[in-house]
Amino acid sequence: ALQLGPRKKPRSTDPLVHHGRHFGRAIHALCNIHALINNGIIRMGERSEEPEDAFTPQELREHSIFLALLKSVPGLEERLMSSESEDEIHALAAYLQKGASSARSDDTKSLKSAIVDCLTPPGEPLIPPIARNVKTGRGFHHEITGGLLCPAGVDWADKEIKEKLATGELTVAGDQWPIFLYASYQYDESDPWKGLLHSSLVIKAFKHIFTSPSSVDKEAKATRSGNARIHGMTRVTPASIAYSATQARFALSSSSVFNRSDTVTDSERFYNSILELLDEPEEAVEVDSLLSWWNQQIFPNYAANSRPVTANSALAKIKAKR
DNA sequence: CATTTTGAACCGTCAGAGTC
DNA sequence: GACTCTGACGGTTCAAAATG
Numbered sequence: 001a002l003q004l005g006p007r008k009k010p011r012s013t014d015p016l017v018h019h020g021r022h023f024g025r026a027i028h029a030l031c032n033i034h035a036l037i038n039n040g041i042i043r044m045g046e047r048s049e050e051p052e053d054a055f056t057p058q059e060l061r062e063h064s065i066f067l068a069l070l071k072s073v074p075g076l077e078e079r080l081m082s083s084e085s086e087d088e089i090h091a092l093a094a095y096l097q098k099g100a101s102s103a104r105s106d107d108t109k110s111l112k113s114a115i116v117d118c119l120t121p122p123g124e125p126l127i128p129p130i131a132r133n134v135k136t137g138r139g140f141h142h143e144i145t146g147g148l149l150c151p152a153g154v155d156w157a158d159k160e161i162k163e164k165l166a167t168g169e170l171t172v173a174g175d176q177w178p179i180f181l182y183a184s185y186q187y188d189e190s191d192p193w194k195g196l197l198h199s200s201l202v203i204k205a206f207k208h209i210f211t212s213p214s215s216v217d218k219e220a221k222a223t224r225s226g227n228a229r230i231h232g233m234t235r236v237t238p239a240s241i242a243y244s245a246t247q248a249r250f251a252l253s254s255s256s257v258f259n260r261s262d263t264v265t266d267s268e269r270f271y272n273s274i275l276e277l278l279d280e281p282e283e284a285v286e287v288d289s290l291l292s293w294w295n296q297q298i299f300p301n302y303a304a305n306s307r308p309v310t311a312n313s314a315l316a317k318i319k320a321k322r
């Protein structure tokens, strides 16, 4: 019989890819998910009898990420438990990794041009102009992007410093935080928390990624739902803030390839250094107020007196929508 | 109800870096 | 030099909502 053209194969991708996207954006962006899962399973299994202090702080941190992964991906725990071979588990991890990676590259791609709008004053001209789809000329080669990327405490106005940053004679490590993280792009040496992670640029990057690109400067004229809604996200997470800042930082830079183990951009260290601060127990008070400020900015309708959203209440909302 | 707008997800291709 | 792996990039598909 005749085959009338290529049948649209349904071949829907595994839902794990979809959840992997959210995991990367909001829970942990730069990690080897296969290792995360393997180590997590071992700790849940054969090492479960060991006392807490048998684990390094590193391992404990990894384990809490693993638990967050299980919690955020419905059905994952069951699928892992019913896996019978190493290969099967590897395949599940690969789906998640694929989601996280493609979400990240989609975000870098879309922020690459969108960031230009954030830098352009509403008035009109950006001088000198920045190309929307090309990165050369950004970073320390440009007055504006260079000024934003310049580490807090380093004087961008100093001609010599400017020169050395441009040539690469002076390099900036990931844990030297750029001035664009601070509100009004001002750093107060006597109060390092002042304005930290309160900048409009990071907020804009966050909105672009999580709410929707159009919600950045307009009142969300939402048509299609954004990432936060799709994944039932109603509160910001420390990782989602770090992720937005990392994406913004990369968009400002002149590097064209996002590579977490590249020492020039040093994105992984930057990301982790922010996460580390936000996880620091001694900073809990400051971090709490930072998070509630963010929630107020991003999710005003959920802020304050709303109960934490449980899986059940989220489900109820979804059902009510239908 | 048809059209338009919006944005997430996806696809095929390509180039750079590393490996054998 | 052939091969592989990763991510960028342009373009496309699909669904939801607004608009006509």
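For the first sequence, the residue numbers in our numbering are 1 to 322.
Even for Gly, the Cβ is constructed at its ideal location relative to N, Cα and C.
So what does DSSP say about residue i, is it helix, strand or coil?
i, result
"LEU275", "helix"
"LEU170", "coil"
"LEU69", "helix"
"TYR95", "helix"
"TYR187", "coil"
"LEU196", "strand"
"PRO74", "coil"
"PRO178", "strand"
"ASP288", "helix"
"ALA29", "coil"
"PHE258", "coil"
"ASP14", "coil"
"GLU62", "helix"
"GLY24", "helix"
"ALA1", "In this predicted model, ALA1 has a pLDDT of only 22, less than 50, meaning its place in the structure is not dependable; the value taken from the coordinates is given anyway. Of the three classes helix, strand and coil, the one that applies to ALA1 here is coil, per DSSP."
"ARG104", "helix"
Smallest Cα separation from residue i: which of the options?
i, options, result
"SER289", "LEU252, LYS194, LYS98", "LYS194"
"ILE65", "ALA54, ALA35, ILE89, ALA251", "ALA35"
"LEU165", "LEU149, LEU16, ASP175", "LEU149"
"GLN97", "GLU59, VAL216, SER83, ILE27", "ILE27"
"VAL172", "TYR185, TRP156, ALA183", "TRP156"
"PRO178", "GLU169, GLU163, VAL202", "VAL202"
"GLU286", "HIS208, SER254, GLY232, HIS198", "HIS198"
"ASP107", "LEU80, THR211, ILE89", "THR211"
"LEU69", "PHE23, SER85, VAL134, ALA284", "PHE23"
"ALA239", "LEU278, LEU80, VAL116", "LEU278"
"ARG138", "GLU62, ILE115, PRO51", "ILE115"
"VAL216", "ASP188, ASP175, GLN297", "GLN297"
"VAL257", "THR136, LYS71, GLU52", "THR136"
"GLN186", "LEU170, GLU163, PRO151, ASP158", "PRO151"
"ILE37", "TYR95, LEU119, ALA54, GLU50", "TYR95"
"ILE144", "THR263, ARG249, THR265, PRO300", "ARG249"
"THR120", "THR263, GLU280, LEU252", "LEU252"
Do you know offhand how far residue i's Cα is from residue j's?
i, j, result
"HIS19", "GLY99", "7 Å"
"THR200", "PHE180", "Looking at the sequence provided, one finds Ser at residue 200 rather than Thr. Taking the straight line joining both Cα atoms gives about 9 Å."
"LEU16", "GLY226", "19 Å"
"SER292", "GLU62", "25 Å"
"SER190", "GLY153", "11 Å"
"GLY146", "ILE161", "11 Å"
"THR88", "ARG235", "Reading the sequence as shown, one finds Glu at residue 88 and not Thr. Distance between the alpha carbons of GLU88 and ARG235 is about 33 Å."
"THR13", "SER184", "43 Å"
"ALA90", "MET81", "Contrary to the premise, residue 90 reads as His rather than Ala in this sequence. Rounded to whole angstroms, HIS90 to MET81 spans 13 Å at the Cα level."
"THR167", "PHE140", "8 Å"
"PRO213", "ASP117", "11 Å"
Do residue i and residue j have their C-beta atoms closer together than 8 Å?
i, j, result
"PHE340", "THR237", "Residue 340 lies beyond the stretch modelled for the chain, which goes from 1 to 322, so this question has no answer here."
"HIS208", "LEU111", "yes"
"HIS142", "ILE127", "no"
"SER83", "LEU76", "no"
Run through the segment 108 to 164 for me and flag every whole alpha helix (DSSP H) of 4 or more residues, listed as ranges in chain order. 143 to 149
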